[in-house]
């Protein structure tokens, strides 16, 4: 598999690192396909309980490698969207495990929107976010127009997408755009701590919660209540529920297996 995606697995946590630092981890075809392949593999592996997505070097991800997109012999935007970004976003949202974006630097364009599609996003204090699309005459993609209004409201989302201003990590957490900011010198420690916590939780229940959140973006109340009921019944029959109740009654910490 391509080295454009670095892979590490430890204690139920898989870390996927975008690895084109000289290009600020911008996506080319090889890196997009490698990330999709890794995400699909994680979805099928029961030993994987949580996934961290981060970047190598100074950037998280600068979006699309425009050199590849503008090359006369390169690929079309239709291919870039349908074969790269759309499958990545769908994979992140559909995987029944928590996906944590660890934003270690600038996140621009599709790179920012991939971070916003993740279940939780933690960023270095020095990191920043920008939509960037309008600066080169493009429109947001990678789910930006879907996720941003839901995260920060219509006015702020519109300003972000039309003006393409840089948003600092501290501004982002204040807006509800991301979950947490960490000091640069403790960033990796905080990421590891959060990922480890997620990996020790009842993975099946977290995956079902994620499915409910996805559905809740579009469902009416009656449909959502029905879905919650169905999922709660299923969750109550899981091994992790039995362990959780026993641990509570025995006054000990539960040891969940994700089943």
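Numbering (my numbering), first residue to last: 1 to 259.
Just so it is clear, CB atoms sit at the ideal spot from N, CA and C, and this is done for glycine as well.
Within 9 Å, strictly: CB atoms of residue i and residue j
{"i": "residue 120", "j": "residue 132", "result": "no"}
{"i": "residue 8", "j": "residue 57", "result": "no"}
{"i": "residue 46", "j": "residue 244", "result": "no"}
{"i": "residue 83", "j": "residue 147", "result": "no"}
{"i": "residue 106", "j": "residue 59", "result": "yes"}
{"i": "residue 262", "j": "residue 217", "result": "The structure shown does not extend to residue 262, since the chain is modelled only from 1 through 259, so no value can be given for it."}
{"i": "residue 117", "j": "residue 93", "result": "yes"}
{"i": "residue 110", "j": "residue 134", "result": "no"}
{"i": "residue 179", "j": "residue 205", "result": "no"}
{"i": "residue 212", "j": "residue 227", "result": "yes"}
{"i": "residue 174", "j": "residue 161", "result": "no"}
{"i": "residue 61", "j": "residue 51", "result": "no"}
{"i": "residue 15", "j": "residue 215", "result": "no"}
{"i": "residue 189", "j": "residue 181", "result": "no"}
{"i": "residue 71", "j": "residue 20", "result": "no"}
{"i": "residue 159", "j": "residue 11", "result": "no"}
{"i": "residue 203", "j": "residue 97", "result": "yes"}
Cβ-based burial, residue i [other Cβ within 10 Å; buried from 16]
{"i": "residue 108", "result": "buried"}
{"i": "residue 13", "result": "buried"}
{"i": "residue 67", "result": "exposed"}
{"i": "residue 184", "result": "exposed"}
{"i": "residue 1", "result": "Low per-residue confidence applies at residue 1: pLDDT is 43, beneath 50, and the placement is therefore not dependable enough to give any value."}
{"i": "residue 255", "result": "exposed"}
{"i": "residue 166", "result": "exposed"}
{"i": "residue 154", "result": "exposed"}
{"i": "residue 251", "result": "exposed"}
{"i": "residue 104", "result": "buried"}
{"i": "residue 79", "result": "exposed"}
{"i": "residue 249", "result": "exposed"}
{"i": "residue 197", "result": "exposed"}
{"i": "residue 239", "result": "exposed"}
{"i": "residue 221", "result": "exposed"}
{"i": "residue 31", "result": "buried"}
Cβ distance (whole Å) where residue i is taken to contact residue j below 8 Å
{"i": "residue 48", "j": "residue 122", "result": "Their Cβ separation, rounded to whole angstroms, is 19 Å, which puts residue 48 and residue 122 out of contact at 8 Å."}
{"i": "residue 124", "j": "residue 77", "result": "Incorrect: roughly 31 Å between the Cβ atoms, too far for contact."}
{"i": "residue 38", "j": "residue 75", "result": "Not confirmed; about 21 Å, so no contact."}
{"i": "residue 28", "j": "residue 18", "result": "Contact doesn't hold; Cβ gap of about 11 Å is too wide."}
{"i": "residue 114", "j": "residue 89", "result": "7 Å"}
{"i": "residue 176", "j": "residue 151", "result": "6 Å"}
{"i": "residue 130", "j": "residue 112", "result": "7 Å"}
{"i": "residue 128", "j": "residue 168", "result": "6 Å"}
{"i": "residue 136", "j": "residue 91", "result": "About 26 Å separates the two Cβ atoms, so there is no contact after all."}
Below-9 Å beta-carbon distance, residue i vs any chain B residue
{"i": "residue 109", "result": "The chain labelled as chain B is not found in the depicted structure, where only one protein chain is given."}
DSSP bridge partner residues for residue i (one or two, in chain order)
{"i": "residue 55", "result": "18"}
{"i": "residue 239", "result": "Answer is none; residue 239 lacks a bridge partner."}
{"i": "residue 168", "result": "128"}
{"i": "residue 6", "result": "17"}
Open item on the list: What ranges does the alpha helix (DSSP H) occupy inside the segment 121 to 164, keeping only unbroken runs of at least 4 residues that lie completely in it?
Closed with: 144 to 152, 154 to 163
TODO: Report the residue ranges of all alpha helix (DSSP H) runs contained in full by the segment 189 to 214; include only those spanning at least 4 residues, in chain order.
DONE: none
- [ ] Kindly provide the ranges of any alpha helix (DSSP H) runs that are 4 or more residues long and lie completely inside the segment 72 to 125, ordered along the chain.
- [x] 86 to 94, 110 to 117
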